[in-house]
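Residue numbers (the numbering used here): -18 to 691.
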RNA sequence: AGCGCGGUGGGGUAGCUAGGUUGGCCCACAGGGCUCAUAACCCUGGGAUCGGUGGUUCGAAUCCACCCCGCGCUACCA
């Protein structure tokens, strides 16, 4: 931190292109980067803030296949969509681009060749799978099959999620292509390229050690990688979608997505420079050591920003700046659950904008930003924060000041004469808040900054209340009331300046109502001694800045999108119960329809004979036991009449021992045995999979154990 | 199982890496005030054995040990 800072380069983790992102993605990298950038620009600093979509990798290809579109087109569309959403959120990047650009191709290939020249690229022959039917190589998750270790049948080509053993696609028993679902594969041997992280370990270690002030999240994850020792990582893939490898013998391969993605930060800066008409402009941000580089990321991204990307730059040895600060955020949960794109849990950025103004989201999620540990998005807290902090405290102070000025001083900023102790105190508090908050934000402490700002807003209300200008007016002490209101108007201006990075749209509104012509984006927190001149006309018809959120609204939203935090609210507000019941029914219906249309129903018919192959029988659960080392699995002993069967079921998350004991269930008796987590499973129970809910099928009436099911 | 994070009044949290006046803040709750304002704002109050046990210390929410509970990760999901 001792270095001289001339300018700032700010990066947000590049959002992956295949889906619309949720609030969790927003809070961990996109939004804080914007707030920081806005704050610095207000201070008059030279700032370059870049971001863009991460376009390559197999998930994009899979999504494109599902959508029935060429990858290129699909990715282009998703890029446009995401870009538009972020603009609506007020994210003020100097450029929001993507990684599928000419610039990124060039820079990625350039850095790779440097690494190659410097001896940090290793070649190794490995075996990979190829689907003869699709005529496609099957790296990583393009293939599933049975795990050779635990016999789990849906192990992926990179790892078995059941026993967590790291796999190679060729290890899988009965490997299947996920595109065509067929086992028409063959093993191919080919050479691949590896980034020799081990050779760069000392350099990375030293760099990490020189940054003890980084968030604990960043350091602990990075250090655990170091502790395990850095192994070579494969950076090539037998795919078409990606950046081609510029090396003989590898020209039919592309770079693995994690290699080219962070290089996007550089290439997007280059694109920006071109747009500025000065193609070399990016160099002062990336190559001048007096630039301060900050990465904003979620905790999953730490290895790439604290290990592999710096290793890439260090190994290329081409004068690129490494990050000076890596701000890693933990997870934002949604109503105590994990945000999940695949399971559609949580609020997504496009939906959010349809529900409430961007500033509402910006404010609340930064207020609860997971800076030190995971936090929860709760509808009830969302409403409380918006209503209390924004509407009551901030918005209402501004509104009462403006209204008073309009009514009693015919919209003129009244003169301030003979400032007393309290007048001076509140103005001093404003300047002090600016300085203190500035210090916090320079340390990237977002929540602490916000608390300081809010504290000042409360102080403003306290001041108004204490000075009672309405009383002064009635008692003909007009001059005194004038001084109070003048002071309040100065505070309104200060509040707008202070809150601007967090809620830019609303801050701008305040400036408009104050009828100020100066640029809000240029007002430094550390220069809050500027004053609106006496006699300045303010806007005549100010509206409340923030509309409050009704209780009913969030109850409905929680019902629609899920959320337990409103349960307590409902208990206390029985009149909302009816609404709940009706809505619930409706949602249920909708959900069922969705499931039906979404679920892939097979069109392939089977004969009755085929069906008869299944030996389904009723049994009673007589024993239940947790399986050590597995948090989803239970070992069940089921009495099926002729014998007691041991089966393993992945239901531990939803079922307790007591709920299961003595219940009759249906099991598949002639399923081939499997060993799961070291425990034999001789059959499978039937249950409806409505993730995350699991509902076990039971016979409606009691029947003898062993009864056949058909 | 390993790793990470957490367990603070009814809810949400700060503090805890540098241990020391009455454990801070927001919401909710109770009482009061005010009426300029979006039924807002202001004041006062009740309420916590700081997950448990043991230890270090003159002194621990804060350090150490063990244990219990929750969550997450171990997958290129922020």
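Built from N, CA and C at the ideal position, the CB exists for glycine as well. Predicted model only: the values in this text are computed from it and were never measured.
Fill in: N- and C-terminal bounds of the alpha helix (DSSP H) containing residue 79
Stepping through the first chain from its first residue, residue 79 is reached at position 98. Residue 79 -> not in any alpha helix (DSSP H); beta strand (DSSP E) instead, spanning 76 to 79.
Worksheet item: Exposed or buried, what is residue 624 when buried is set at 16 or more other beta-carbons lying within 10 Å of its beta-carbon?
Response: The count along the first chain starts at 1 and reaches residue 624 at position 643. When all chains shown are included, residue 624 counts as exposed.
Item to complete: Below 8 Å on the Cβ atoms is my guess for residue 508 versus residue 491; work out the distance and round it to an integer in Å.
Response: The residue labelled residue 508 in the question sits at position 527 within the first chain. The residue labelled residue 491 in the question sits at position 510 within the first chain. Actually they are not in contact, since the Cβ atoms of residue 508 and residue 491 sit about 18 Å apart, beyond 8 Å.
Worksheet item: What is the C-beta distance between residue 693 and residue 63, in whole angstroms, given that I count them as a contact (C-beta under 8 Å)?
Response: Only positions -18 to 691 of the chain appear in this structure, which leaves residue 693 out of reach.
Practice prompt. Determine the direct distance from the alpha carbon of residue 652 to that of residue 606, and round the result to whole angstroms.
Written response: What you label residue 606 is simply residue 625 of the first chain in a count that begins at 1. What you label residue 652 is simply residue 671 of the first chain in a count that begins at 1. Approximately 21 Å between the Cα atoms of the pair.
Item to complete: Give the straight-line distance between the Cα atoms of residue 73 and residue 15, rounded to the nearest whole angstrom.
Response: Here the question's residue 73 lines up with position 92 in the first chain. Here the question's residue 15 lines up with position 34 in the first chain. Those two C-alpha atoms are separated by around 6 Å.
Worksheet item: Where does the unbroken alpha helix (DSSP H) through residue 174 begin, and where does it stop?
Response: Position 193 of the first chain, counting from 1, holds the residue named residue 174. Taken as a continuous stretch (DSSP letters only), residue 174 belongs to no alpha helix (DSSP H), being part of the beta strand (DSSP E) at 166 to 176.
Discussion item. Let me check one thing: in DSSP terms, what residues is residue 154 bridge-paired to?
Written reply: As a first step, residue 154 is located in the first chain; it is residue number 173 there, counting from the start. Answer is 127.
Item to complete: For the beta strand (DSSP E) holding residue 310, just list the boundary residues, first then last.
Response: On the first chain, residue 310 is found 329 positions in, with the first residue counted as 1. Element bounds for residue 310: 306 to 310.
Worksheet entry | Reduced DSSP category for residue 665 - H, G, I as helix; E, B as strand; rest coil | The residue labelled residue 665 in the question sits at position 684 within the first chain. Residue state, collapsed to three classes: strand.
Practice prompt. Go through its chain and collect everything with a Cβ distance to residue 676's Cβ below 8 Å, but skip five positions before and after it.
Written response: Stepping through the first chain from its first residue, residue 676 is reached at position 695. If we look at residue 676 and ignore the five residues flanking it on each side, its Cβ neighbours are 668, 669.
Fill in: Cβ neighbours of residue 168 in the same chain (closer than 8 Å, five flanking residues each side left out)
As a first step, residue 168 is located in the first chain; it is residue number 187 there, counting from the start. The residues are 108, 109, 110, 111, 151.
Fill in: residue 330 versus residue 294 - alpha carbon distance
As a first step, residue 330 must be located in the first chain, where it is residue number 349. As a first step, residue 294 must be located in the first chain, where it is residue number 313. Between residue 330 and residue 294, the C-alpha separation is close to 33 Å.
Fill in: Element boundaries [alpha helix (DSSP H), containing residue 425]
Along the first chain, one-based indexing puts residue 425 at 444. No alpha helix (DSSP H) contains residue 425, which DSSP labels as neither H nor E.
Item to complete: Reducing DSSP to helix, strand and coil, say where residue 429 ends up.
Response: Start at 1 with the first residue of the first chain, and residue 429 comes out as number 448. Reduced to three states, the DSSP call for residue 429 is helix.
Item to complete: Count the other C-beta atoms from every protein chain shown that fall within 10 angstroms of the C-beta of residue 161, then say buried if there are 16 or more, exposed otherwise.
Response: Position 180 of the first chain, counted from the first residue, corresponds to residue 161. By the 10 Å Cβ count, residue 161 comes out exposed.
Worksheet item: Three or more beta-carbon pairs under 8 Å between the region 501 to 521 and the region 437 to 455, yes or no?
Response: no
Discussion item. Looking at residue 78: is its Cβ nearer than 7 Å to the Cβ of residue 249?
Written reply: Translated into positions along the first chain, residue 78 becomes position 97. Translated into positions along the first chain, residue 249 becomes position 268. Yes, the pair counts as a contact, with Cβ atoms nearer than the cut-off.
Worksheet item: Residue range of the alpha helix (DSSP H) that residue 223 falls in?
Response: Working through the first chain from its first residue, we reach residue 223 at position 242. No alpha helix (DSSP H) holds residue 223; DSSP gives it neither H nor E.
Practice prompt. Please look up how many angstroms separate the CB atoms of residue 274 and residue 309, rounded, as I've assumed it's under 8 Å.
Written response: Numbered from 1 along the first chain, position 293 holds the residue referred to as residue 274. Numbered from 1 along the first chain, position 328 holds the residue referred to as residue 309. Not really, about 15 Å apart at Cβ, beyond 8 Å.
Practice prompt. State the Cα-Cα distance for the pair residue -6 and residue 170, rounded to the nearest angstrom.
Written response: Within the first chain, residue -6 is the residue found at index 13, counting from 1. Within the first chain, residue 170 is the residue found at index 189, counting from 1. Their backbone Cα atoms lie some 35 Å apart in a straight line.
Practice prompt. May I ask which residues mark the beginning and end of the alpha helix (DSSP H) holding residue 647?
Written response: Start at 1 with the first residue of the first chain, and residue 647 comes out as number 666. First-last for residue 647: 645 to 649, but that is the beta strand (DSSP E), not the alpha helix (DSSP H).
Worksheet entry | Cβ neighbour criterion (16 or more within 10 Å) applied to residue -14 | Within the first chain, residue -14 is the residue found at index 5, counting from 1. That one is exposed.
Discussion item. Let's test the definition: count the other Cβ atoms within 10 Å of the Cβ of residue 354 and tell me whether it reaches 16, buried, or not, exposed.
Written reply: As a working mapping, residue 354 is identified with position 373 in the first chain. That one is exposed.
Worksheet item: Can you tell which of 81, 290, 272 has the C-alpha that lies nearest to the C-alpha of residue 181?
Response: Reading the first chain from its first residue, position 200 is the one you call residue 181. Checking every option, the nearest Cα to that of residue 181 belongs to 290.
Worksheet item: Among 176, 173, 197, which one has its Cα closest to the Cα of residue 307?
Response: For this step, residue 307 is matched to residue 326 along the first chain. Comparing Cα-Cα distances from residue 307 to each of 176, 173, 197, the minimum goes to 197.
Worksheet item: Are residue 688 and residue 599 closer than 7 Å when you measure CB to CB?
Response: Here residue 688 refers to the residue found at position 707 when the first chain is read from its first residue. Here residue 599 refers to the residue found at position 618 when the first chain is read from its first residue. Yes, the Cβ-Cβ distance between residue 688 and residue 599 is below 7 Å.
Discussion item. Using DSSP's beta-bridge definition, name the partner residues of residue 29.
Written reply: Looking up residue 29 in the first chain gives position 48. Note: residue 29 sits in a beta bridge opposite -10.
Practice prompt. Below 6 Å CB to CB, which residues in the same chain sit around residue 414 once its five sequence neighbours on both sides are set aside?
Written response: Indexing the first chain from 1 puts residue 414 at position 433. The residues are 433, 437.
Practice prompt. Inspect the beta-carbon positions of residue 389 and residue -8 and report whether they are closer than 7 Å.
Written response: Counting from 1 along the first chain, the entry for residue 389 is found at position 408. Counting from 1 along the first chain, the entry for residue -8 is found at position 11. Result no, Cβ atoms of residue 389 and residue -8 do not sit closer than 7 Å.
Item to complete: Please determine if the region 20 to 32 and the region 214 to 230 are in contact, where contact requires at least 3 C-beta pairs separated by less than 8 Å.
Response: no
Worksheet item: What are the boundary residues of the alpha helix (DSSP H) that residue 106 is part of?
Response: Locating residue 106 in the first chain gives position 125, counting from the first residue. Counting along the chain, residue 106 falls outside any alpha helix (DSSP H), though it belongs to the beta strand (DSSP E) covering 102 to 112.
Worksheet item: Which word fits residue 369, buried or exposed, when buried means at least 16 other C-beta atoms lie within 10 angstroms of its C-beta?
Response: Indexing the first chain from 1 puts residue 369 at position 388. With fewer than 16 other Cβ atoms within 10 Å, it is exposed.
Item to complete: Look at the Cβ atom of residue 76, then the Cβ atom of residue 272, and state whether they are nearer than 7 Å.
Response: Start at 1 with the first residue of the first chain, and residue 76 comes out as number 95. Start at 1 with the first residue of the first chain, and residue 272 comes out as number 291. Going by C-beta atoms, residue 76 is not nearer than 7 Å to residue 272.
Worksheet item: Where does residue 475 fall in DSSP's three states?
Response: Along the first chain, read from residue 1 onward, the residue named residue 475 stands at position 494. Residue state, collapsed to three classes: helix.
Fill in: Closest residue to residue 465 among 457, 448, 481 (Cα-Cα distance)
Within the first chain, residue 465 is the residue found at index 484, counting from 1. Here the closest residue by C-alpha is 448.
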